[in-house]
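Peer 1: Take the sequence shown: its letter number 49 is residue 49 in full-length UniProt numbering, and every next letter is one higher.
Pasting in a structure now, in structure tokens, and then I'll have a few things to ask.
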Amino acid sequence: MRRTLLFLLLILVFLSSVSALQGLGVETLYWRKQGSLLMEGVRSDYSGTELEVLLSSRTVVYDSYVLSFFGGVNKALSLTDDGAAVDVSSYPNAYFYGLGNSVVLPIDSGLLLEIGCAVTASCLQHAIGTAHYDLRSTHLRIGGKVGVGELEGGLFTVGLEYAIPLEGRIIKEDGGTTTLYRVSYAGSAFAFSAGFAFHL
1 MRRTLLFLLL
11 ILVFLSSVSA
21 LQGLGVETLY
31 WRKQGSLLME
41 GVRSDYSGTE
51 LEVLLSSRTV
61 VYDSYVLSFF
71 GGVNKALSLT
81 DDGAAVDVSS
91 YPNAYFYGLG
101 NSVVLPIDSG
111 LLLEIGCAVT
121 ASCLQHAIGT
131 AHYDLRSTHL
141 RIGGKVGVGE
151 LEGGLFTVGL
161 EYAIPLEGRI
171 IKEDGGTTTL
181 YRVSYAGSAF
191 AFSAGFAFHL
């Protein structure tokens, strides 16, 4: 099911760019996160690293205002729960999508500064024993990046991002029983990004 949703999302990203005659972009982000979560009255601390690949479509609404739709995949590289290392080698990929807006400021010929914010929703499905878990969360992302050099209508980008969790929930299915858990987060994440954007 999640593969179907991701496929449909990528089609929408592509079609929205083509119809608006704007651009597409691909970025790789390396995240470092830390914080705590509260579920069923129990609080735990976490930290870890993640690798993310993001595909986006961009529409210039005004001269310098950009609206973007994006989606991608996120892979956990490391995780610590209450000081204990967790083996994430068997963890599946998480999938996400979002909507963002930004302001693009020209600095010099072939050099641009982009500052923006976005809201994302992510989903990770994982099975432990006979139980199946569906983890969902939303985040607010704020960042800036620099675009360097024009190459065949394309632009290399490097940047930084900051994210905070807004809310989360876990759906557990085990033996025909479904349980919903609300999760309260307190934490943050920082990322370094590198990518390439090109115009259609």
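Virtual Cβ for every residue (Gly too), placed ideally from N, Cα, C.
Compute the Euclidean distance between the alpha carbons of L180 and I164, then round it to the nearest angstrom.
Peer 2: 22 Å
Peer 1: Looking only at its own chain, which residues have a Cβ that is under 6 Å from the Cβ of I128, when we skip the five neighbours before and after it?
Peer 2: none
Peer 1: Leaving out five residues before and five after A20 in sequence, what residues of the same chain have Cβ atoms less than 7 Å from its Cβ?
Peer 2: Caution applies to A20, whose pLDDT of 49 falls short of 50 and renders its modelled position unreliable; the value that the coordinates give is listed next. If you ignore the 5 residues before and after A20, its C-beta comes within less than 7 Å of the C-beta of T59, all in its own chain and listed in chain order.
Peer 1: Which residues in the same chain have their Cβ closer than 7 Å to the Cβ of G72, if we skip the five residues on either side of it in sequence?
Peer 2: Setting aside the 5 residues that flank it on each side, G72 is surrounded in the same chain by E52, V53, L54, L55 and F96, each with a C-beta closer than 7 Å to its C-beta; the list follows chain order.
Peer 1: Taking only runs that begin and end inside the segment 46 to 117, name each unbroken alpha helix (DSSP H) of 4 or more residues, in chain order.
Peer 2: none
Peer 1: Does DSSP put G129 in a helix, a strand or coil?
Peer 2: coil
Peer 1: With DSSP as the reference, please indicate the residues paired to S147 in a beta bridge.
Peer 2: Looking at the sequence itself, residue 147 is Gly, so the reference to Ser does not match. Paired residue(s): L112 and T157.
Peer 1: Apart from the five residues just before and just after V104, which ones in its own chain have a Cβ nearer than 7 Å to its Cβ?
Peer 2: S64, V66, L112 and E114
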